[in-house]
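In structure tokens:
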């Protein structure tokens, strides 16, 4: 099952510590965006970043109905 995941990027602007937060449908998408070259992390000169997996499912696994013969 997949869970919504929050990407948090910590950075400093004009002497103020700030955070940018973006939601993704799963952890893999979060890490892919964070680790790619030229990412938002690189563009804002991030100091730290991480992906927090929530407990909220983004996709539910539904049982399949068995065919009746």
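In our numbering, the protein residues as written are 1266 to 1334.
The beta-carbon is built from N, C-alpha and C at its ideal position, and this holds for glycine as well.
For this session: Provide the residue span of the beta strand (DSSP E) that contains residue 1282, from first to last.
Result: Position 17 of the chain shown, counting from 1, holds the residue named residue 1282. Note, residue 1282: beta strand (DSSP E), 1281–1289.
For this session: Locate the beta strand (DSSP E) running through residue 1312, then write down its first and last residues.
Result: Here residue 1312 is taken as the residue at index 47 of the chain shown, counted from 1. First-last for residue 1312: undefined, no H or E at that position.
For this session: Provide the residue(s) that pair with residue 1278 in DSSP beta bridges, ordered along the chain.
Result: For the purposes of this step, residue 1278 is taken as residue 13 along the chain shown, with counting starting at 1. Residue 1278 pairs with 1281.
Problem set entry | residue 1325, buried or exposed, once every other Cβ within 10 Å from all chains shown has been counted against 16 | For the purposes of this step, residue 1325 is identified with residue 60 of the chain shown, where counting begins at 1. Classification for residue 1325: exposed.
For this session: Please report the residue range of the alpha helix (DSSP H) in which residue 1325 lies.
Result: Walking along the chain shown from the start, residue 1325 turns up at place 60. Element bounds for residue 1325: n/a, residue is neither H nor E.
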